[in-house]
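**Q**
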Amino acid sequence: MEKSTLRKIYLEKRKKLHENDIRSLSKKIFENFISEFPVSKNQKVHCFLSISKKNEVDTNFFLEYFFKNNIWVFVPKVVGEELISIEITEESALLENSWGIKEPVENIDSGIKDFDLILVPLLYADSFGNRVGYGKGFYDRFFSEIKPNNLKIGLNFFSPEELIDDVAPFDIALDYLVTPTAVLSFTGFTSKSKK
């Protein structure tokens, strides 16, 4: 199935989720993440800030844990056509941009290219780790500019069903996908079901 079709389908599926469902499913995703990826002090994590009006996975569970455990947190910010990484703390000022994404006020790129983990937003991922986002290509460009061994972990409410037919040569696949019921590895597509 093509990305544009999958994008429509999964935007609609997310739209149907109620606020309580989003919160409980996000918590399960967080619990599955923590059981599989024990993040420790002084590690560097790049974590997206959820767009609540798009019913994205709520990353507040992740951020609270990271801050509590002295993990360095970096978040994305779009500046022009580029996605930069800005370090934040619990006290960092965040403002909502025109897309409804909370972002740090400052525009100072951390320059970090080697994260221990990158938590990636998406609408859909197939069984090879290819992802469908909102279609702007920000994360693919970001992935191409950082070290290739950064662990890319998608967070999604839905498991892979259809293959993505129109994967482009510049698309960079995820290493893992965490859902409410499983942690999927795309190196051989092994599933660790959490049902």
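Okay, so the sequence shown: first residue is -5 according to the numbering used here, each after it adds one.
Where is the CB? At the ideal position from N, CA and C, for every residue including glycine.
Could you tell me whether the segment 82 to 99 touches the segment 16 to 29, using the rule of 3 or more Cβ pairs below 8 Å?
**A** Judged by Cβ distances under 8 Å, the segment 82 to 99 makes no contact with the segment 16 to 29, as fewer than three pairs qualify.
**Q** What is the DSSP secondary structure of L157, reduced to helix, strand or coil?
**A** L157: coil per DSSP, three-state reduction.
**Q** For F42, which of L5, F136, G123, N143 has the nearest alpha-carbon?
**A** F136
**Q** List in chain order: all unbroken beta strand (DSSP E) runs of 3+ residues lying wholly within the segment 106 to 151.
**A** 111 to 114, 145 to 149
**Q** Thinking C-alpha only, which one of N54, Y133, K38, Y59 is nearest S104?
**A** K38
**Q** Tell me which same chain residues have a C-beta within less than 6 Å of the C-beta of Y118, skipping the five on either side of it?
**A** L0, Y4, V126
**Q** Below 8 Å on the Cβ atoms is my guess for K35 versus N63; work out the distance and round it to an integer in Å.
**A** 6 Å
**Q** My output table needs one value for L11: the three-state DSSP class, helix, strand or coil.
**A** coil
**Q** Beta-carbon within less than 6 Å of S153's beta-carbon, same chain only, minus the 5 sequence neighbours each way: which residues are those?
**A** T173
**Q** In this structure, how does DSSP classify K47 when only helix, strand and coil are distinguished?
**A** helix
**Q** Hey, how far is the Cα of G94 from the Cα of S46?
**A** 8 Å
**Q** Over what stretch of residues does the beta strand (DSSP E) that includes K96 continue unbroken?
**A** 96 to 98
**Q** F55 CB to nearest chain D CB: under 8 Å?
**A** No chain D is present in this structure, which holds just one protein chain.
**Q** Can you say whether H40 is buried or exposed, counting buried as having 16 or more other CB atoms within 10 angstroms of its CB?
**A** buried
**Q** For a test of the three-state rule: what should DSSP assign to I78, helix, strand or coil?
**A** Strand.
**Q** Please state if the CB of E50 and the CB of P98 are separated by a distance shorter than 8 Å.
**A** no
**Q** Of all the options D108, S(-2), F164, which has the alpha carbon lying nearest to the alpha carbon of K141?
**A** D108
**Q** Under 8 Å, do A167 and N101 count as touching if we go by C-beta distance?
**A** no
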